[in-house]
Structures are given as structure tokens and as C-alpha cells.
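Protein chains in written order, with our numbering: chain A, 1 to 228; chain B, 229 to 456; chain C, 457 to 684; chain D, 685 to 912; chain E, 913 to 1140; chain F, 1141 to 1368.
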């Protein structure tokens, strides 16, 4: 609300309208827009295909949250972004939902590989989030059959000189190796799924990317109409 | 008593009645009720079967404490809860009692797997408690024949900058591997037992879950009458 | 002396008598009596057999210190206690004395296993002390032929933020594994000895335990007369 | 700008000209010039070939940024320097660009080995930067097919008593070994490429080095004209 | 000098005589005498043979420093002591001198094993010193052919919150294992040598021990006359 | 200059002459002379051969810096010293120069072994410096073909409570083992070279050592004339 009020004030509006609220939510999630930043045409192509990869994969996975907006306008550290809004506010999450999330996170890197035959640093944050999620599935949620319904590592809430130390290892090298192996398997399966979806829907991937290059942003209605 | 007095005061009662005491105990154990929280029908189904799983397994294990109440009203971080009250206040606990506790803790996850063919994040806290208990059986209580009547790790009472460091490893990787393996075995056996009980009593599981969806809470009398 | 003076003062005595001294020594060693604690009959049986196990094993081992008192009255954290008084104040201790101490410490757990075919948490402190003693034999006193006349680990006298860090590992995983293996062997041998003694003297074990249930405490004279 | 203003002031100029700006940028990147330092003729030969190695390799790799200046005037800790200016300010970097950077970084050491049949300490900083880059490719950017599209290690932003702890290992020895192996492979491949380029263009290497010994510095125009 | 002055003052002497100096030196090295301590006859026998073991072994090793005094009067933590005085103040020490020192340090434990067929805690400090010396030979003085003329571990002079952290490991598990193995070999060889000397000179061992039991202390002259 | 001024002042000189400067440089490098220290004839022999070993090996290695002075006068912790002065102030060092430095550092220990058939603690500091140099060659300068042109370990400039922590391990056990193995190989090769040189020039070794015993110090001119 605060962010929305600030935006409205900047625009000399007396009331805060939905436009301000929507922008405020996006700003908080993805950082402020950085319109001034100059990117090369080649970068624009990469970012457009990267975001198109995320969006297309999410659209194709029945378990994914619906795509709310796709954009190649830089926000914070990211060159572009794909926003989803969960249909309902869930407290519980199924393993298959997490698996779909992994596929969605890896859709950007998969698109780069398929389209440009090379990969960039653009997926770094996606890979970090995917790795953390896969790790949590194995160590916190007992979702790996190989590791079983156990938890691994002691989470510390300790603020040690201003930092939260997140995990204490309390298991053997053998189990550490099994955890690494399962995390790797989850990521590999998700990445293969993402590549298969994008290869199968290669024309649609190009279509979304080209529209992004032209229009910079595609909202939910426009995005869904491309699949009508 | 303090919590009960507060509740009585809120209700303009002159004396603290048993109703207040009962609520106060539950509140302290499971956190305050969160009636306002909206959950989807699907989540209600999951939570109902999860709690029914706990309760049914505990009922079937002769070593378990008797079930006092089953509920799908959220408390604290939990979506629902199953309360037990030990018949007597024991200072000593048998290994078979601990094994029954493990089965009870894993009953919720087992029910999810059997009924929905998928598993959720809802069991995370159960898995953490089960892992800790199994670990304590092996490392503190000498209850693993494979590891023998020894203790492993030095417990520290140290409060280091506000945190209790709970364990110092003072054993080899080889022993760490054996401990992991035994903890895994205890959890696996308990999980198989939970699944076997629930599969054998599948109709009763459905009955309890459906009643929970309808009535939200089942007390000890009502619960036991279902097995009459 | 201080404790004895306090006890005498509480009883309005002008002089501190031996009764006060005896009680004071026990209180310091085992914590104050907790007569008010209610235990179930089943727990009484377990504790009685557990303490009878300690006492009987110690009586049968020629190297053990003589039993001074056996009791099932709770003191501090312990459900009961078996006190010994060394005949002379030794500065040096033989390996065979340490081995007898291990057998004595494990007598309680051994009795539980033999009599109740299950084991409880009651032996937790015994196991911790036995493990520490066996570890010291191997790492501080060079009493393991497999590890040889060396010491392992650097003992630190450091008080780090109020805690004594007791050991720094300065050896390889290979040696850590050998130490674990030797500690395990010492404990296993002592436990087998304890079980053999108790099995051979099963009737005497029952007799001591039953008398403990009846009389709660057996002093040295009464205890020794049972073996006359 | 600040540095340029200082330089202009020292020269009693009223305006800051491009000469000042260019020098300021170089000073910030490579440290102030150290003209007073005396080096032996042998060292001059080594440094000249070392920098010629960097520059020639970068020229030959299509993915490298264009060479802006090559110099054997000492700056900061370095005996000489080779500056590149990226044609455009990229936010995303391709794996093939990183691979070309590795080859460029190792060009100096490769030249030493080829020309002098021995290697010096002069490449120490190059090797450190190449190792860090190869490590980041594997652990942060998911650019190793052997390790997959995952990230490894938790980066800490923590300033602990004035220092940034850069990485917490959260993986097994097995993965640590694979990371080391992949980092090694990336470096080895780049080093082979650098040596192959320099061997193939040995005459050009000598030509650049000799010109550096004569003129100390070669700017972009002069450098490129050598390949006309 | 200070200690000697205190002793002289206590005895109302005007000058500090050699008697005071000698006592002062011993007190500083071995702690004050504890004549009041009561030990059993059995302990007296053990301590006498333990010290006789040290003294006899040192006498028989040509590389050992000459024995200055043997005593079974307790000093500090030790039940007895054997003092040697190096003939000259050496700055350099040969490997063979260190090897002789190891044999001397282990002479006490060896005597216990040979005479009493069991071992006691009395050798704990000897074993610790022997282990440290053997470790220093391997890691600081490069005296192990298997490990070579290298040093291992970084010694820290750091006083961290009042404690000196003595060693940082900077080598692999493989080297740690080799160091342990070499330290073990040095100790084992020294212990075998000590046992061989004592077995060969068993009568002399008994003679020294019996004289210690009778006279409590044997000085250098008396000790050497036993070998005339 | 400061040290030289102090020396001149002590000698009631008005100007600081070269004698003072020379002494000041030596004092800073090797610590003040300790003429008062008494050493045995045997130690004098060892130190003389040890220093002769250093000097002779350095003379024979074409890559070594020229010997400036050899002395058996104790300075600081060292029993004697061999000083070299590099012909020119090099910023870059070749691998072959480092290898020669390793041989020079190990010349003292090698002489002890050849002449006395035993080794002493006198080489401890040489071994530490040789190990550090060999380690730096492998981990900082990429001079091991087995480990490749990489750097290993993160150097920290951190002053943690008054101490510099010099290295953070950021590699696997496998690499740690390879580093240890390469460091060992470099030291072993250098030690073999030192022994070969000294064995081949055994008469010269004796000649230098005997002159050191007679004259205590040999300067560059005298030293080089021995090889005329």
C-alpha cells in the first residue's frame, strides 16, 4: 500500500488506483523497472527467449501456477521476468507441484540452449532457486524415495553477528553424497522435461519471444490468447 | 493457569472453569486456534486424511498413548492436530513405546501417500520430530543393537551467543554412517508399519477423515465410539 | 560439612551427627531425595531390577568397589541409585579395575534386557559414563593394545565463553575409526559379562529387586547378608 | 572523473581532457604507473613475451574483447598489462565468451613456456583469476555439463569481523571432487588452446614482444595494424 | 633463586645454601613434595617399579641423559619422579637422542606390564609426552624417512581468548594417516626396546624398586653404585 | 639505517661507516649475534657442516644466488647462517630458480645425514621454509604439471583477532592429496640433488666445515677463493 501511495503521489493522483497497486506489487517482487538501461539487440533476443522459455513451460505444465505477465523490461538484477499468480493461497504443496516449479524455473536456461546452442549467465538466479527447492524437497520435506521420510540437517534460527546460519550438517559423507545425487536427479529430470516441452513447441517459443521483442511485455490475457 | 485466567477474563467469567483450562492446555501445546484462515476444499481433504492417519495409527498401536482429540482447525504453523494424553506420567520409556511413537508420527504422511498417491509439505514437522526421536534412540539411549549400548556425540549445554549448540561429533565417519543407517532403518520400519495399518483399515481411515471434514474436531469419546 | 550442618540445623540438633554426614555425602553425590515423586508400579519394577542389576554385578566382580547402598528412591534425575565406596583411596587404577567398572555401569541395562525383554531410557546416564570411561581408557591411558601406548586428542583447559572444550581431534579418520572400534569392543565385552553374571544369578537378581520394591533401600550390611 | 580531475590539476590544465580521462581509467584498473622501477633486460624480455602472449591470444579468439593497449610499464603489482575494452556493455555472458576469457588469461603463461622453456611467478595473478572464473562457471552459472544446471555452495554476504566469507560448502566430497575435476578440465583446455594459438603464430608473438621491448606500449591502432 | 630464598627464610637461615637451591630446582620441575599423602602398599609397589623402570631404561640407553635422582615421593600430580640432568646444554638434538628419550618415557609403563601383568593410569602423563615428542619428530623435525624432510601443520602463535592454538592442519587425510602411522611406529619401537631392556635386566629392576620402597629416594651416586 | 646509526653511536663514531651498515643488515635478517652462548665442540662440528652444506650446494647450483657469507656464530634462534645476495633485484622468479632454492635450503640437513649418519633438530627452520616454498610453487604459482596452471586455496588478508589466517581450503580431499604428493616430490628431488652434490664434493664440504670451526665466519671473497 505504501509503495502504491508513493506512486500515486508521484503522478499527482488524489486516490490510489488499481494501476498503482499492481505496479507496487510487481516492484516489490521484482524490483523497480530500469527503463534507462541500454541492452544490445543480441541481449534482447536472449532475454526474450529466456522469458518465453519460462512462460511456455509453465503454460504447458498442468501443475504450474498460471502465468500473470511476461516481460523483458529489466527489474532489479534480472534482465526480464515471468510472473505467476497461484490460483489459491495454498498452505500445503504437493511434490508434483514442486516438480512443476522446477521445470518452470529451468525453462529459461533450456530455451537458451535450444535456440542459441550456448548458455549464458542469465539463468544463474533460476539455477540457485531450483537447487534450493530440490534440496528442500529432499532434506526438509522427505520427498525423495531414495532418502526416505526423514529430515536432514539442523536448521538454525541463530542470528550470529547479523547473519542467519541456515544449516548444520548432522549426517555422514555417505548421506551427503546421496542428497547431492537426489538433488541432481530432480534437477536433471526437470531440465529434460523443460527441453522436451520447448522442443515440441518450438514454433510457439519463437512466437512468444518475437512478441516480447516487439511489445516488451505480455499480460495474462494476451498470453493466454496465444494458446486459444 | 495464567492462560486459563486470561481466557476466563475475556469471557467475563468470575471463576476459571474446566473449559478454560482445557483450552489453555491445547493453546500452549499447539498454538492458538486460527479460525479466520481460509483453506481450500482440497486442502481440507488432505489435512483431514493426514490427521485421520495419525489418529488411526495411534489407536491401532497398543503401545501408543490414547488419542485425546483430533482436529483440522489450524493451530500455530500446523494445519491440524492430533492430541494424545499419556495414561500415566512415565519417567522411563521403553524402546517399543518409542517405536510406536515413530509409527504415530509417520501416520499422517502415510495416509497422504495411500489416499492421494502423492505427498505434501504437511508432514515436514512430523518427519523432523520422527528423525530426532530415532536419532536419540540410537545415539542417546543405546537402543540400536547395531550400534550397541553406547552414547555418541557430546551434548553441550553451552549457550553460545544465545543459542544452544546441541551436539559435538566425537566419532568417525564410519560410525556416522552407521548411525545414519540405523536412523533410516527405524524410520523405514515405522513408515511401513503405518502404511500397513492404514491399508488394512482403509475404510476406517475414510470414515474418520470424512467426519473431520464435517465436524472439524473429534474428541476422545466420539473417536473411541467409532471403534466400538 | 556444610550440607551436614544445614541438615542438623533443620532438625534442631546442637551437634552434627554421623547420620547428618552420611546423608550429606549421598545428597552431594546423587542429588536430594525426591520422596514426593509418584511412580507407577511398573516403573518401580523396572527401577528395582535396574538397580539390582548394578548391585549384583558389582558384588560378583572381584575388582569392583564394595556396594554401600542400593535404593529406588529417586535422587536428582535418577530413578534410583547404587552407591559404592572404594576400600582405599587409590591414585592409580588398573585396567582390570576399569573393566570391572564398565561391567558395573552396564549391569542396570543388562538386567532390563534379561528381565523385561525390552530396554528403557533409564540407562542413558550409565551408557554415557561407560562410553566416556572406555574412551578415556583408549585415548588417555593407552590401555588398548590395538591403539598402543599413545594418547589421542589434545585436551584443552580453555574456558571458551564459559565452557570447557574437552578435546581437539589431532588424528586421522583411520585412527578415529580404530578408536571407535576399540571403545565399542570394551563396551560390548563388559555388557556380555554383565549379562552372563545376571543370567547365572537370575534368582538372586529377583530376590534383590523384590526386596527393593518392598523396602526401597538396602544398606551394605543387609545387602551382603543376602550373599552369606 | 575524480582521478582525471586530479591529473588535470597536476598539469595546470583548466579543463579535463580525454588524455586525463584515459589515464584515470587505466590507473584505476591497473594501478598507478611505476616508471622509476628498474628491471633487468631478462625481466623485460619475459614481461614483453608474457604480455604479447595475452594480446596475441585475445586477438586470435573471435569471442575475446578487442585489445585496447599492451604495455610493459609496471602498474601496481603487475610487471605489465594488456587492456581490453568490451565492444558493448553486456549484462549476459555466453559460456563461449568465458572460455575465450580463460584462454586470454592463460596466454601470458603459455608464451613463457613456449619461448623460455620455463615458467615464472609472473602469471600468478592470471592463474588466480582464471581459476576463479572457471570455478564460477561450474558452481554459479551451471555451465558444466558434468555437474549440470545446479549451483553449488552458499554465498554469504556476511561481513564477519571485517571480512566477507565468500562460500560455504554445502555438498559432499564426491561433488567437491567433480567440481575440482571440471575446473581443471576448463583450465587445461584453455591452456592447450592458448599454446596452440601461440605456437601457430610464433613469429607474430616475437614481433609483438620485440616491439614492446622497443616502445614499451602499443595502443589499439598500432596493435591492429600489425595484423593488417 | 626466589624459591631457594623462600626455603631458606622458612628455615631461619641467613644464607641460601646449595640444599635450598637443589630443592628449589626440583620443586619447580616436579611440583612441591606431598609427604602428607597416604598411599597403600600396593600403590607404593606400583610406583616404585614404575620409577625403577624409567631409571633402569635410561641407565641402559647410551643416548639418555644421566639419572640424577629417582623417588617415589609424590610431587604435584605425579606419584613419583625420575630426574635426569643433561651433561651439557645442547641446542641441537639428534634423532637417536629423541629415540632414547622415547624409550625412557615408556620405561615406567613397560615395567608395570612386565611386573604386574596389568597396566595402570600412572603412565598417562608419560604417554602424552612420548606421543608429543614422536609427533614433533615426524611433523616438525622431518625425522621420519617415510614422511621425508618436510614440516606438516602450521604452528600458530595466536593467543585466542587466552589460549594458544598449537596446530592448523594443512595436509590431506592421506598424510594425516601416514603421520599417525609413523608416530605409532616410533612409539611401538621405543616400547619394545624398553620392555626388552627391562626383561633382560629383570633382577636389577626388582633391586631398584625394592630400594625405592625402603628408602623412597635414590640419588645419582647411590643409583650409579648399583651398577658398579 | 636506524640500526646502523645505533651501532655507530655505541662505538662513539661520528659517521656511520659501511661496517655499521653491513652489520645492521645482517642483524635485521638473522637477528643479533649471540657471542656469549657456549656451544659444545660436537655442536660446533654439526653447525659447521650444516652451514658448509648450505653454502657448498648453493655454490654448485648455477641458479642459486651467490653466497655472501657463511658463519657459525649464533644469531637469533639459528646456530649459524649462510647469507646470499641476489645479483639483481628480480620481480619475477623462474621455476628453476625456486628448485635451486629448495636444494640450497636442504643442503644443511643433507650434510648432517652424510657426515654424521644421523640428523638433528638444526634443520627445522630450513624444512619449514622449503615446505612453504614448494607448497607455494604448487598452489600459488601453478608450477606443478600434475596440478596444472591453477591456484588452490583462498588467501585471506583477514586479521582475525590479531592473526592472519593464511589459507582457506576450497578444494576436495583428492586435490589435497595431489598437492601433498607434489610438494613431497619437489622436496624429495631437491634433497636427492643436495645429497648428490655433497657426496660428489665431500672433500670440499670437509674443507669448508673445518675452516668454519677455525675461523667461525667466511666471507664471499674467502669463500669463492676456495673454489679457484
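C-beta: ideal position from N, C-alpha, C; glycine also.
The structure presented is a predicted model; accordingly, all values stated were derived computationally and were not measured.
Distance between residue j and residue i (C-alpha atoms, nearest Å)
{"i": "residue 1302(F)", "j": "residue 154(A)", "result": "Per-residue confidence for residue 1302(F) stands at a pLDDT of 42, beneath the threshold of 50, marking its modelled position as unreliable; the derived number appears in the next sentence. In a straight line, the C-alpha of residue 1302(F) is about 32 Å away from that of residue 154(A)."}
{"i": "residue 858(D)", "j": "residue 216(A)", "result": "44 Å"}
{"i": "residue 780(D)", "j": "residue 118(A)", "result": "7 Å"}
{"i": "residue 179(A)", "j": "residue 131(A)", "result": "12 Å"}
{"i": "residue 993(E)", "j": "residue 972(E)", "result": "18 Å"}
{"i": "residue 437(B)", "j": "residue 276(B)", "result": "5 Å"}
{"i": "residue 281(B)", "j": "residue 94(A)", "result": "17 Å"}
{"i": "residue 11(A)", "j": "residue 223(A)", "result": "29 Å"}
{"i": "residue 1245(F)", "j": "residue 976(E)", "result": "30 Å"}
{"i": "residue 446(B)", "j": "residue 303(B)", "result": "15 Å"}
{"i": "residue 658(C)", "j": "residue 506(C)", "result": "13 Å"}
{"i": "residue 821(D)", "j": "residue 190(A)", "result": "21 Å"}
{"i": "residue 556(C)", "j": "residue 525(C)", "result": "18 Å"}
{"i": "residue 267(B)", "j": "residue 426(B)", "result": "25 Å"}
{"i": "residue 1316(F)", "j": "residue 1279(F)", "result": "10 Å"}
{"i": "residue 576(C)", "j": "residue 514(C)", "result": "21 Å"}
{"i": "residue 644(C)", "j": "residue 589(C)", "result": "13 Å"}
{"i": "residue 909(D)", "j": "residue 891(D)", "result": "12 Å"}
{"i": "residue 307(B)", "j": "residue 535(C)", "result": "38 Å"}
Rounded distance between the beta-carbons of residue j and residue i, thought under 8 Å
{"i": "residue 792(D)", "j": "residue 806(D)", "result": "7 Å"}
{"i": "residue 375(B)", "j": "residue 499(C)", "result": "With 8 Å as the limit, residue 375(B) and residue 499(C) do not qualify as a contact, their Cβ atoms being about 26 Å apart."}
{"i": "residue 84(A)", "j": "residue 103(A)", "result": "About 13 Å; that fails the 8 Å criterion."}
{"i": "residue 597(C)", "j": "residue 1036(E)", "result": "5 Å"}
{"i": "residue 1291(F)", "j": "residue 812(D)", "result": "4 Å"}
{"i": "residue 572(C)", "j": "residue 502(C)", "result": "7 Å"}
{"i": "residue 1196(F)", "j": "residue 1344(F)", "result": "6 Å"}
{"i": "residue 756(D)", "j": "residue 896(D)", "result": "5 Å"}
Environment of residue i [buried if 16+ CB atoms lie within 10 Å]
{"i": "residue 86(A)", "result": "exposed"}
{"i": "residue 214(A)", "result": "exposed"}
{"i": "residue 954(D)", "result": "Residue 954(D) is absent from the structure shown; chain D starts at 685 and stops at 912."}
{"i": "residue 1025(E)", "result": "buried"}
{"i": "residue 1250(F)", "result": "buried"}
{"i": "residue 363(B)", "result": "buried"}
{"i": "residue 828(D)", "result": "buried"}
{"i": "residue 456(B)", "result": "exposed"}
{"i": "residue 649(C)", "result": "buried"}
{"i": "residue 200(A)", "result": "exposed"}
{"i": "residue 677(C)", "result": "exposed"}
{"i": "residue 1202(F)", "result": "exposed"}
Under the three-state DSSP convention, the category residue i falls into
{"i": "residue 267(B)", "result": "coil"}
{"i": "residue 629(C)", "result": "helix"}
{"i": "residue 1356(F)", "result": "coil"}
{"i": "residue 873(D)", "result": "helix"}
{"i": "residue 891(D)", "result": "helix"}
{"i": "residue 829(D)", "result": "coil"}
Runs of alpha helix (DSSP H) wholly within the region 49-137 of chain A (minimum 4 residues, chain order) | Look at the region 49-137 of chain A and you find these whole runs of alpha helix (DSSP H), each 4 residues long or longer: 95-116.
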